[in-house]
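Notes follow once the structure below has been shown.
Residue numbers (the working numbering): 8 to 524.
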């Protein structure tokens, strides 16, 4: 008898069977299983079309001794996408789910594989699984059988497929899943297992509640340990693990409480590792390191502490590595970190004393708009409230020349706006005649005038304040510029602005102009 005949006979016998007598069913199930395991062409489709799926569902529902074998038959069938919908229609998912409570590891494995394959890429069925309470059960199975790699793998893949569902995240938040996942991450035998766990952590880490739970359960430290262990690796899979894990740490630092826990007053393991990333030869780690520092620098006390611990030279050295044909993302992230660190006034003074502005000015030659935008914002932050810094930068003809170019950046409104704001800041914070004249000589006043008539109230205000200061310091320089574009008319309109602050600033400049006409 050929294999095809054997399968046909078995299906015929099962389809006419009215009583589920185990001794009679078993040899036929063996035949089905052999055909499936030997990858007989179209065996799964033939089985699904034979009309025996309800019979298989009945066997599973009765929890007979054949349940393990039937679950395996279903699991092997469901490798074929074409049979998944018939399996759902036959009620196989409903009768399989209760078997996740089995104490038999083989039953759990076959059941997990069957459910996972049937519901693969089926959002409705996956949502139904969560409603039926499979999440706690999957976590419990991993916790109860942590050394059973095939079973753990099935449960992790299931969690990975379900983790994007909001109700699944809520269910996982109640399960202390972080501890289970970190244990499995530490014992992951290969990159594939690591990536599944990292994907689950990434999906769950979007929740603020779970960010904190992760931090308290040592997830960032486990990720950091993994990165440290792989740092010398060159295998693409290992490098991918490093990228995913470092991105995940940066993401977890977006939660205020989880960030503070990882910082640990500057002595936290994660913070210490982040510092080493800045000095790594791996561009991905450099990027994640700079982004992490920017996240740590979200409150003044952390900023002051990090300056005490000497983080700034590491960032500057990193930026200088990437000035010429370097990585734009790294430069952008490094400047974000510096900008955040410069927010506390005490830090500004110390950073200026350490020559930070001189070193970051080397990035002026960058022709990448994202870097230009962030550099301008960082310089503006450095001069905020710092008269000496504004004076030094405001008299720097090379800097002013480059800023003028960026004020004319036709295709990049963000760069254009930041360049104009820096000009205004140099005048506002220096209040110095030399700076006013230097800006005028570089043809910067026209950009302040354009800024004063922009649609953004903050930019209008900054421009008007700087022009008022410049007019008070040296009306001779300002008068010709303002009159050349009939600024009086624009100022008159602004005196009626809904913002009392703007209208007041416009009125004061108008008064100065009128007094000197």
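Beta carbons are placed, not taken as given, at the ideal position from N, Cα and C, and that holds for glycine.
Please read all numbers here as calculations on a predicted model, not as lab measurements.
- Residue 176 places its beta carbon 9 Å or farther from that of residue 224.
- For residue 422, the closest alpha carbon among the candidates 161, 228, 457 and 376 is that of 376.
- Contact between residue 45 and residue 75 fails: their C-beta atoms lie close to 20 Å from each other, not under 8 Å.
- One alpha carbon belongs to residue 231, the other to residue 216, and they sit about 21 Å apart.
- Residue 502 carries a coil assignment under DSSP once its states are collapsed to helix, strand and coil.
- Beyond the five residues adjoining it in sequence on each side, residue 357 comes within less than 8 Å, by CB distance, of 314 in the same chain, given in chain order.
- The three-state secondary structure of residue 462, taken from DSSP, is coil.
- Contact between residue 384 and residue 409 fails: their C-beta atoms lie close to 15 Å from each other, not under 8 Å.
- Looking from the CA of residue 519, the closest CA among 504, 265, 478 and 229 belongs to 478.
- Relative to residue 364, the option among 164, 197, 342 and 271 whose CA is nearest is 342.
- The Cβ neighbour count for residue 521, taken over all protein chains shown within 10 Å, is under 16; the residue is labelled exposed.
- The beta-carbon distance between residue 393 and residue 370, rounded to whole angstroms, is 19 Å. This is too long to meet the 8 Å contact definition.
- With respect to residue 293, residue 282 sits apart: the two C-beta atoms are not nearer than 9 Å.
- DSSP places residue 251 in the uninterrupted alpha helix (DSSP H) bounded by 243-259.
- In chain order, 229 place their CB closer than 7 Å to the CB of residue 193, counting only its own chain and leaving out the 5 sequence neighbours on each side.
- Distance from the Cα of residue 312 is smallest, within the candidate group 35, 22, 351 and 329, for 351.
- The DSSP assignment places no complete beta strand (DSSP E) segment of no fewer than 3 residues inside the stretch 91-155.
- In this structure, DSSP gives residue 238 a state outside helix and strand, which the three-state scheme calls coil.
- Taking residue 274 as reference, the option from 149, 261, 482 and 316 with the minimal CA-CA separation is 316.
- Nearest Cα to residue 182 within the set 63, 327 and 149: 149.
- Here residue 372 is exposed, its C-beta having fewer than 16 other C-beta atoms within 10 Å.
- Secondary structure note for residue 320: its alpha helix (DSSP H) is the uninterrupted segment 318-328.
- For residue 308, the enclosing alpha helix (DSSP H) begins and ends at 307-315.
- Assignment of residue 225 by DSSP, reduced to helix, strand and coil, places it in the coil class.
- Its chain contains 468 as the residues whose beta carbon lies nearer than 7 Å to that of residue 508, once the 5 sequence neighbours on both sides are disregarded; these appear in chain order.
- Residue environment analysis places residue 268 among the buried positions, since at least 16 neighbouring C-beta atoms fall within 10 angstroms of its C-beta.
- Ranking 251, 396, 219 and 463 by CA distance to the CA of residue 439 puts 396 first.
- In this structure, residue 355 sits away from residue 291, with a CB-CB distance that is not shorter than 9 Å.
- Between residue 67 and residue 54, the CB-CB gap reaches or exceeds 9 Å.
- In the DSSP annotation of this structure, the continuous segment of the alpha helix (DSSP H) that includes residue 388 starts and ends at 376-390.
- For residue 504, the CB contacts under 6 Å within the same chain, skipping 5 residues up- and downstream, are 510 in chain order.
- Out of 417, 321, 428 and 476, the CA that lies nearest to the CA of residue 437 is found in 476.
- Proximity to residue 326 across 473, 298 and 353 peaks at 298, based on C-alpha coordinates.
- Judged by their CB atoms, residue 140 and residue 178 are nearer to each other than the 9 Å cut-off.
- Per DSSP, the continuous alpha helix (DSSP H) segment holding residue 37 begins and ends at 29-44.
- Taken through DSSP and simplified to helix, strand or coil, residue 439 comes out as coil.
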